[in-house]
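Chains as they are written, first to last, in our numbering: chain A, 2 to 358; chain B, 376 to 701. A short write-up of the structure that comes next.
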Amino acid sequence: MDTRSVKTASPRDLSRDELAASLEWYGKMVLARRFEDEAEREFRRGKIGGYLHVYSGQEAVAAGFLSAIRPDDIFFTAYRDHAHAIFRGAAPGAVMAELFGKATGLAKGKGGSMHLFDVAHGFYGGYGIVGGHIPLATGAAYALRYQKTERICLCFLGDGAMNSGSFHEPANLAGLWGKQGLCPIVYIVENNQYAMGTPVERSSAVTNLAGRFSTYAIDNERADGMDFIEVRRLAERVVRRVRETGGSYAVELLTYRFAGHGAADLFQPYRTKEEIAQARSRDPITILEDRLRAAGALTDEQVKRVHADAERAVTEAVRFAEESPPPAPEELYKDVYGARDEDEKTGTRDRGNTGTR
Amino acid sequence: MAELTYRDALRSALIEEMDHDRRVVLIGEDIGVYQGTFRVTADLLKRYGPGRVIDTPISELGFVGAAIGMAMLGLRPVVEVMTWNFSLLAMDQIVNNAAKLRYFSGGQVNVPMVIRGPNGAGVQLSAQHSQSLEATYAHFPGLYVVAPATPAEAKGLLRTAIRSDDPVIFLENAALYGMKGEVPDSDFALPFGKAAVARSGRDVTVVAYSRMVFAALTAAEQLAAEGIEAEVINMRCLRPLDAATIVESVSRTHRAVVVQEQWKPFGAAAEIAMRIYEDAFDQLDAPVERVTGADVPMPYARTLEVRAVPHEADIVAAVKKTLGKD
Ligand SMILES: Cc1ncc(C[n+]2csc(CCOP(=O)(O)OP(=O)(O)O)c2C)c(N)n1
Ligand SMILES: [Mg+2]
């Protein structure tokens, strides 16, 4: 698979609007990367538990798309979700607090790294069962049209998720509904080459993942996912089309995850150091930085400031997470049902035997 | 006898069965090149080749169903689910096909397969990755449901499972993989439906399985310090359920506490308690107590999670309740 074919556009071709957006999102990408590095460190320090899947290397994908949608648009993704939340405007402190399992976290500390939610910003979650969110996103897109809005839905998914029934069934629905203008969704396949230890060649009989959407009459394309500016251009075009037609669309973006699958994936026996080094030589942050520099829009001074800002924001996020209280004990029983408080009053619900704590 | 980890005990059962029976194949996600998420299948790809150690995409419904088909044609697939949570995607295949094929074909086909992987809570894996699904599967006639606690049980029961002519739900536990214990080395197998008395005692019977056996044993230690002798029964198997061993014990102790990690409503403890009522009601001096997980999806925050899973202290408290000492 050729993921390394860089199409270097000339710096002059950046519009003023693009320049402004690129500068802003350069800062956000640096912040997200710094956040992920810190999350890994905090995991090793034992401040974060469970699974931790970082997004480093893939930033241009989510950044490109989330920079191209409107504030009232919505999106779904899997468990590799920290950057998505931050890009969309969640406070880094609230994300870090969730990873720390604190009451001030995005989901009150109840969901953790895999289940970030920020519905106020259109972020409908963070899912841990591979493929499990794809049907939800498809139905959500239908609902947006049903409610006669112009809003659209983005569904980020991994290359591995495309082999699950949870992908194929809703994809067929989106094909059917999309033809009727009832399913304004963009499926964004983040092809980072691997599903845990299994490369795409060993998991998908057809390795052109975008093409697989054709089976369901969903128009699609495949592109490099490392260049923010190019991803954003593509995203703007695709989002406009989906918004106008109410039809579904799919994009496969070729990218790479620089870190292990999760914090526990230390040895990575399925890939070589050389391969990782080669992939890192096309770092989406450096690519954007180079383009902005070439356009004369970014100075050393500014780069330094962006990094210092990110450093400060992440330090502050950690401090906030550290100092935040854990969820109150009674939170354990809240949010199971909407009518929960009634159950409490009538005593109709047996909590299980935890009376001793 | 050899000292093995629970993980290596499982692995040695796989190796011995694969060595002597070419019908045995392994299938699952990242079991070959990646060596298995919990390394139960480490090096087996090299040993047996890709025809017998089959790496699959993330397609639980597909590969569990395909394994059922293999089994119908006489292979003996051992399917690894990365965790039992993911088996839910294959539940239709397990419940509607594997469990019932022998019956609705009037005995023309059978499904000699094992589905194995870790069940239950880990540490801070939150709501979608912490489920205990034993009662869910034990509900269905046609399935065996096995939950070994020790390395010896892991090996002996896995061997029986692979040799079984019907589908086996084989529930491991991530916290136990590294645990060491003595494992007999000869052709060693343990029968299904036979519980073990893990500790003898006269005052109360504590029934548990899988990881909770160890919580029960620790609780029994603490109780012993207070002069209360708890008998701990390790079920090993939920289907078939060895009610006889429990009833025999309760006939001596006249009190029972049943421990499970899963949610209280409609759980394994409810079934076990009811079997005690059915078969030993006259023997009871106190109502059967249940120690269970909290009736909520698993929270992520460690502070909440520790409140959601049962601990030794809960077992101690429940035992005291049956003795009127609470
Ligand atoms: C149904 C299901 N099966 C298995 C897993 C275990 N698992 C978690 S992530 C993962 C790989 C997913 O790969 P991909 O979709 O490419 O996403 P990426 O991790 O590369 O972002 C697997 C197998 C799971 N969470 N859900
Ligand atoms: Mg992937």
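Built from N, CA and C at the ideal position, the CB exists for glycine as well. Keep in mind the model is a prediction, meaning the values are calculated, not measured.
For the beta strand (DSSP E) containing residue i, name the first residue and the last one.
i      : result
A:G159 : 154 to 159
A:A251 : 250 to 255
A:T316 : Taken as a continuous stretch (DSSP letters only), A:T316 belongs to no beta strand (DSSP E), being part of the alpha helix (DSSP H) at 301 to 324.
B:A605 : 605 to 609
B:G705 : Here chain B has residues from 376 to 701 only, and residue 705 of chain B is not among them.
B:P452 : 451 to 455
B:E601 : Element bounds for B:E601: n/a, residue is neither H nor E.
A:D220 : 220 to 225
B:I690 : Segment 687 to 697 is the alpha helix (DSSP H) holding B:I690; no beta strand (DSSP E) there.
B:R614 : 612 to 614
B:I402 : 399 to 404
Let me check you understand the geometry: is the CB of residue i closer than 7 Å to at least one non-hydrogen atom of ligand 1?
i      : result
A:V131 : yes
B:N471 : no
A:A260 : no
A:L117 : no
B:M457 : yes
A:H134 : no
A:R81  : yes
A:F214 : no
A:S57  : no
A:E276 : no
B:E435 : yes
B:H686 : no
A:H54  : yes
A:E202 : no
A:E170 : no
B:A461 : Checking the displayed sequence, the identity of residue 461 of chain B turns out to be Phe instead of Ala. Yes, ligand 1 has a heavy atom inside 7 Å of this Cβ.
B:L616 : no
A:S165 : yes
Would you say the beta carbon of residue i is closer than 7 Å to some non-hydrogen atom of ligand 2?
i      : result
B:N609 : no
A:A196 : yes
A:D228 : no
A:D266 : no
A:N209 : no
A:G161 : yes
A:N193 : yes
Who does residue i pair with in a DSSP beta bridge?
i      : result
B:K555 : B:T380
A:G127 : A:T78
A:A162 : Answer by DSSP bridge pairing: none, since A:A162 is not bridged.
B:R515 : The sequence shown places Phe at residue 515 of chain B, not Arg. In the DSSP output, where bridge partners are listed per residue, B:F515 has none listed.
B:R677 : Paired residues: none, contrary to the question.
B:R574 : B:V607
B:E664 : B:V632
A:A298 : In DSSP, A:A298 forms no bridge with anything.
A:Y188 : A:C156, A:A251
B:I544 : B:I490, B:V520
Tell me the residue span of the alpha helix (DSSP H) that contains residue i.
i      : result
B:D654 : 643 to 655
B:T620 : 618 to 628
A:R203 : 201 to 204
A:L210 : 210 to 213
A:I288 : 285 to 295
A:T246 : 229 to 246
B:A536 : 526 to 538
A:G28  : 17 to 45
A:F88  : 83 to 88
So residue i and residue j are supposed to be a Cβ contact under 8 Å. How far apart are they, rounded?
i      : j      : result
B:V694 : B:L598 : 6 Å
B:E636 : B:M587 : 6 Å
B:D657 : B:V622 : Contact flag wrong, Cβ pair sits at about 11 Å.
B:R534 : B:A388 : 5 Å
A:N209 : A:T256 : The Cβ separation is near 16 Å, so there is no contact.
B:L401 : B:E547 : Wrong, their Cβ atoms sit about 15 Å apart, outside the cutoff.
A:L145 : A:C154 : 6 Å
A:A91  : A:H122 : 6 Å
| message | At a CB distance below 8 Å, what residues from the region 637 to 660 of chain B approach chain A? Give them in sequence order. | response | W638, K639, P640
| Within 9 Å of chain B by C-beta, residues of the region 108 to 141 of chain A in sequence order | Within the region 108 to 141 of chain A, the residues whose Cβ lies closer than 9 Å to some Cβ of chain B are A108, K109, G110, K111, G112, G113, S114, M115, H116, Y128, G129, I130, V131, G132, G133, listed in chain order.
| field | chain B contacts from the region 319 to 334 of chain A (Cβ-Cβ distance under 8 Å) | value | So the list reads P327, P328, P330, E332, L333, Y334, given in the order they occur along the chain.
| query | When you check each C-beta in the region 671 to 682 of chain B against every C-beta of chain A, which residues fall closer than 8 Å? | reply | V671, P672, P674, Y675, A676, R677, T678, L679, V681, R682
| field | Cβ-based contacts, 7 Å cut-off: residues of the region 186 to 203 of chain A near chain B | value | A196, M197, G198, T199, R203
| query | Of all the residues that make up the region 482 to 499 of chain B, which are near chain A by a beta-carbon distance shorter than 7 Å? | reply | Within the region 482 to 499 of chain B, the qualifying residues are V498, Q499.
| request: Report the residues of the region 397 to 411 of chain B with a CB closer than 8 Å to any CB of chain A, ordered along the chain. | output: E404, D405, V408, Y409, Q410
| request: Could you run through the region 597 to 608 of chain B and flag, in chain order, every residue whose CB is less than 7 Å away from some CB of chain A? | output: none
| Near-chain A residues of the region 432 to 448 of chain B (beta-carbon distance less than 8 Å), N- to C-terminal order | For the region 432 to 448 of chain B, which is checked against every Cβ of chain A, the residues closer than 8 Å are P432, I433, S434, E435, L436, G437.
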